[in-house]
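Just so you know, we're using my numbering here: the sequence shown kicks off at 1 and counts up by one.
Below you'll find the structure, written out as structure tokens, and then a few comments.
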Amino acid sequence: MQTHFTPGQLADPAIGEANSILRACVHCGLCTSTCPTYRLLGDELDSPRGRIYLMKEMLEQDRPPSPTDVRHIDRCLSCLSCMTACPAGVHYMHLVDHARSHIEKTHRRPLVERVIRDLLGRILPYPDKVRWVLEAARLARPFAALFPGTLGRLTNLAPASQKNKVVTPPDAKSFYPAEGERKFRVALLAGCVQPGIAPQINAASIRVLTRHGCEVVVPPEAGCCGALTHHLGQEARATSAAAANIRAWMSLLEGEGLDAIIVNASGCGTMIKDYGHLFRFDTELMESAKTIASLARDISEFLSENFGDIGATTDKTSPPLRVAYQSACSLRHGQKIQREPVALLQSCGFEVTEPRDSHLCCGSAGTYNILQPDIADRLRDDKIDALARTGPQVIASGNVGCMVQLASVAPWPVVHTVELLDWATGGPRPEALSGVTT
Ligand code: SF4
Ligand code: SF4
Numbered sequence: 001m002q003t004h005f006t007p008g009q010l011a012d013p014a015i016g017e018a019n020s021i022l023r024a025c026v027h028c029g030l031c032t033s034t035c036p037t038y039r040l041l042g043d044e045l046d047s048p049r050g051r052i053y054l055m056k057e058m059l060e061q062d063r064p065p066s067p068t069d070v071r072h073i074d075r076c077l078s079c080l081s082c083m084t085a086c087p088a089g090v091h092y093m094h095l096v097d098h099a100r101s102h103i104e105k106t107h108r109r110p111l112v113e114r115v116i117r118d119l120l121g122r123i124l125p126y127p128d129k130v131r132w133v134l135e136a137a138r139l140a141r142p143f144a145a146l147f148p149g150t151l152g153r154l155t156n157l158a159p160a161s162q163k164n165k166v167v168t169p170p171d172a173k174s175f176y177p178a179e180g181e182r183k184f185r186v187a188l189l190a191g192c193v194q195p196g197i198a199p200q201i202n203a204a205s206i207r208v209l210t211r212h213g214c215e216v217v218v219p220p221e222a223g224c225c226g227a228l229t230h231h232l233g234q235e236a237r238a239t240s241a242a243a244a245n246i247r248a249w250m251s252l253l254e255g256e257g258l259d260a261i262i263v264n265a266s267g268c269g270t271m272i273k274d275y276g277h278l279f280r281f282d283t284e285l286m287e288s289a290k291t292i293a294s295l296a297r298d299i300s301e302f303l304s305e306n307f308g309d310i311g312a313t314t315d316k317t318s319p320p321l322r323v324a325y326q327s328a329c330s331l332r333h334g335q336k337i338q339r340e341p342v343a344l345l346q347s348c349g350f351e352v353t354e355p356r357d358s359h360l361c362c363g364s365a366g367t368y369n370i371l372q373p374d375i376a377d378r379l380r381d382d383k384i385d386a387l388a389r390t391g392p393q394v395i396a397s398g399n400v401g402c403m404v405q406l407a408s409v410a411p412w413p414v415v416h417t418v419e420l421l422d423w424a425t426g427g428p429r430p431e432a433l434s435g436v437t438t
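The following block contains the structure:
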């Protein structure tokens, strides 16, 4: 694609990078058919190619976005399906992140939208605030239909169960010794929203890791990865959260050492693996950010790399449950991890199926299902329909966002992949499976 930035604009390294990304696009359109919003809405401006064109115009003219720019860029899920499809290697993720930050700095949204986005950025990265909001949402759930717009939406998405009040690791402590001989020392990202919504995921992760000879450290100084605010274009909040994590994990690395940083929410994993890029202009943290990014592993990736056929190492046999695996976009497109979770589940004796169009987003996408509820609901319903055709007894996914999105309407239990791996290798049966006959 031809671009027309001035030499003055190109002196800004961030614009220089956007220019290189834009120039790599050859307009072939191979990405359009894999874009969930284009498939749903049929508008070129809701396709990757259309959005790339809008971003080029906005950045070249160095102007605030038009209402059209904002509408179509906001509708992008950041699912990165287009990056998997693109034969030219266009780094759409870095381009749309840059565009979102530009929109946030130069565009004044309507008051209600501004307040909602600001509140999301102030609440979601903090586990204690998330717990309070979830508790309020649970109490308000029976009256959800009375609440307008986003408030009703949030109330509906909050899990109805009270079991999340139970304090589970890693709330209880931050160090978990390996069972038997110590093979690895790893840090686990505790996360921000996830411990409030589904604390059983971290508990299962810790059990699986320690059972396989990993010493697990959960440093309290590490918190939100920054992805939620990053995708809202709130750059300062995102980099501040990421910097705190980098410092916390570097301190462990420089102390007793670290073999990996384990992430069990794939949206966070994609973000942490990109810390090197996020801090590319930061002379203080640039090198540390690259080091941390290189240590980050999705839990399925780490287990697969180091323990392979984990089902074979246990004498416990899992019931032959039929599991439909929902491939989270951030794992599949963001981290290119697709086969590992399926292979791990199969090695434990589960019968694993994948729905048609498994590369398409379920509509969760961070805060997307709160900010773009109509599109998110349609994508979710399509996904539920595809999952139903596989005849599942349970749905497994590697990202809490997908779990919440699907569980809001799914007639089957929805669990994290690691909950099944934990159960199959000696851990407790996931609570969500209490009603499933095996
Ligand atoms: S990130 Fe997803 S929604 Fe956005 S343009 Fe690419 S394929 Fe479409
Ligand atoms: S597939 Fe890649 S090169 Fe082709 S239009 Fe899409 S982003 Fe551009």
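Every residue, glycine too, gets a C-beta built ideally from N, C-alpha and C.
With fewer than 16 other CB atoms across the displayed protein chains lying within 10 angstroms of its CB, R71 is exposed. The distance from the Cβ of I292 to that of M250 is about 7 Å, consistent with a contact at the 8 Å cut-off. F350 is the residue among G255, G401, F350, I384 whose C-alpha sits nearest the C-alpha of D422. A238 is not a Cβ neighbour of V263, given a cutoff of 8 Å. Under the DSSP assignment, H416 falls in the beta strand (DSSP E) whose first and last residues are 414-416. Counting of Cβ neighbours within 10 angstroms places Q326 among the buried residues, the total reaching 16 or more. Across the structure, H91 and R122 are spaced so that their CA atoms are roughly 29 Å apart. With contacts defined by Cβ atoms closer than 8 Å, V217 and F175 form a contacting pair. DSSP lists no beta-bridge partner residue for L232.
A check of alpha carbon separations from A289 across F307, G308, I261 identifies I261 as the nearest. With respect to the C-alpha of A204, the residue from G427, L232, T438, S78 having the closest C-alpha is G427. Membership of A296 in the beta strand (DSSP E) is indicated by the continuous run 296-298. For C25, the Cβ falls inside the 7 Å cut-off from some heavy atom of ligand 2. Beta-bridge partners assigned by DSSP to C214: F184. Taken in chain order, the unbroken stretches of beta strand (DSSP E) that lie wholly in the region 260-337 and span 3 residues or more are 260-263, 296-298, 322-326.
Contact annotation, G213 with E179: C-beta distance approximately 7 Å; criterion of less than 8 Å satisfied. By the Cβ test, the region 52-66 is in contact with the region 95-110, since at least three Cβ pairs between them sit closer than 8 Å.
Three or more beta-carbon pairs separated by less than 8 Å link the region 297-306 to the region 340-354, which places the two stretches in contact. The criterion of a C-beta distance shorter than 8 Å is not satisfied by P13 and L379. A direct Cα-Cα distance of roughly 46 Å separates T417 from A11.
DSSP places Y176 in the strand class (E or B) of the three-state scheme.
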